[in-house]
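Structure record follows, encoded as structure tokens.
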Amino acid sequence: MGHQVLFDSELTDSQFLSLKVLIHQKFGISLSESKRLLLTNRLRKMVTGLGLTSFEELCQKIRQNASAELLSELVNHVSTNHTYFFREPAHFEFLMRVAMPEWIGKLLQKNDLDLRFWSAGCSSGEEAWCIAMAQNEYLKQVPNQFRAGVLATDLSSKVLELASNAVYPKESIRDLPAKWKDTYLEMLNSGEFRVREFLRREVVFRRFNLMNSQFPFKKAFHVIFCRNVMIYFDAETKRELVKKFLDNLEVGGYLIIGHSESLDRQDCLQYVCPSVYKKVGA
Ligand SMILES: C[S@@+](CC[C@H](N)C(=O)[O-])C[C@H]1O[C@@H](n2cnc3c(N)ncnc32)[C@H](O)[C@@H]1O
């Protein structure tokens, strides 16, 4: 008979508190009391997945050795990764109507053909593919050969694996314009859709924790997307992160967040339209 684990206990107050502190410290994610049930249910899966039998055993294991692997497993269970193609389409329109023409114009003047976009908190990749599609659509009409592409990062190795695989169910592409579907996706025998090879070459996926104090990028970005990620962070964590984004954004570059989010006033950060901000010179 297989190993059967049955446990229906709840997280105790002290277990919840210690996990909450650890998750906030390592990943910036704030868990309020209202998230307790969600955390309990998600961690139950982690406990059984690791062959353990109680939350206490899990907490002990973390206390003894919070290895990168164990923390990565923890965050895979804790983070909310929901996303889909063409979410908040106004942003892709903004790219094609405003950000791309502006940057292409400026770069051409300097004879620079390097366009750098970042999808920070990309989850399973849908956002990054849509950014690459929008880039591609705009660049079709530009005679010069730009080196475009997208760096896409996330904390969770599980979603990054899905992103690199680039295969998605039909529901995920429901909102994508038909023309983009035909151009950039192919249907597989399974009925799922795969991003076409030429576009797959345009996006690089990497694991990266936005809580890292140093961002390792050699050159600043022209556009940074960080949508529906900071909703899980408290105000201070968010402010610190926006500061790091600004340090890694070109003057004139755009920071795009989710429609349900907003940013506090900050030096060098100019509000453009809902959920879109521009870095201005000091
Ligand atoms: C809800 S998804 C957003 C996906 C996409 N940007 C969108 O708007 O549809 C949030 C993602 O943020 C990632 N995330 C949360 N905290 C993070 C951190 N500290 N560093 C990097 N990624 C993080 C999660 O793993 C998750 O995949």
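According to the numbering used here, the sequence shown is numbered sequentially starting from 1.
We treat Cβ as the ideally placed atom computed from N, Cα and C, and that holds for glycine.
Item, Value
"Short Cβ contact (8 Å threshold) for Met46 with His82", "no"
"Residue ranges of each alpha helix (DSSP H) within the stretch 15-101, 4 or longer", "36-49, 55-64, 68-78, 90-94"
"Where Gln109 sits in the DSSP three-state scheme", "helix"
"DSSP bridge partner residues for Arg194 (one or two, in chain order)", "Val167, Glu186"
"Ala99 versus Glu93: straight-line alpha-carbon distance, rounded", "9 Å"
"Anticipated Cβ contact below 8 Å, Ala220 with Asn248, distance rounded", "5 Å"
"Of the listed residues Ser32, Ile23, Tyr232, Phe146, nearest to Lys110 (C-alpha basis)", "Phe146"
"Closest by C-alpha distance to Leu210, when choosing among Glu202, Asp154, Ala134", "Asp154"
"Residue from Asp267, Tyr84, Ser54, Leu50 with nearest C-alpha to Leu71", "Leu50"
"Cutoff 6 Å; reference Arg174; Cβ partners in own chain excluding five residues on either side", "none"
"Nearest-angstrom Cα separation, counted from Thr53 out to Ile256", "43 Å"
"Closest by C-alpha distance to Gly253, when choosing among Lys244, Ser172, Val280", "Val280"
"Member of Leu19, Arg44, Phe117 whose CA lies at the smallest distance from the CA of Ser9", "Arg44"
"According to DSSP, residues forming a beta bridge with Asp114", "Arg147"
"Residue from Leu107, Trp118, Lys158 whose Cα sits closest to the Cα of Glu69", "Lys158"
"Contact belief for Val204 with Leu151 at Cβ below 8 Å, rounded distance in angstroms", "5 Å"
"Leu139: first and last residue of the uninterrupted alpha helix (DSSP H) it sits in", "126-139"
"Whole-Å CB distance - Leu95 paired with Ala120, under 8 Å assumed", "Between Ala120 and Leu95 the Cβ distance is about 15 Å, and since that is not below 8 Å, they are no contact."
"C-alpha distance - Ile29 paired with Arg196, whole-angstrom precision", "34 Å"
"First through last residue of the beta strand (DSSP E) which encompasses Phe221", "221-226"
"Ser34 Cβ short of 7 Å to ligand 1 heavy atom set", "no"
"Close Cβ partners of Val185 (< 7 Å) along its chain, the five nearest in sequence each way excluded", "At residue 185 the sequence reads Leu, which differs from the Val that was named. Cβ neighbours of Leu185 beyond the five flanking positions: Ile173, Phe193, Arg194, Val195, Arg196."
"Alpha-carbon spacing of Pro274 relative to Leu38, whole angstroms", "30 Å"
"Member of Gly125, Asp13, Pro177 whose CA lies at the smallest distance from the CA of Asn165", "Gly125"
"Straight-line gap, Asp112 to Ala148 (C-alpha atoms, nearest Å)", "11 Å"
"Straight-line Cα distance separating Phe55 from Thr48", "10 Å"
"Proximity test, Asn271 beta-carbon vs ligand 1 heavy atom, cut-off 7 Å", "This sequence places Tyr at residue 271; Asn is not what is there. Not under cutoff, so the answer is no."
"8 Å Cβ cutoff met for Phe86 and Cys130", "yes"
"Any non-hydrogen atom of ligand 2 within 7 Å of Ile29 CB", "Absence of ligand 2 from the depicted structure is noted, with ligand 1 being the only ligands included."
"Which listed residue (Asp13, Phe217, Thr80, Arg201) has its alpha carbon closest to that of Asn228", "Thr80"
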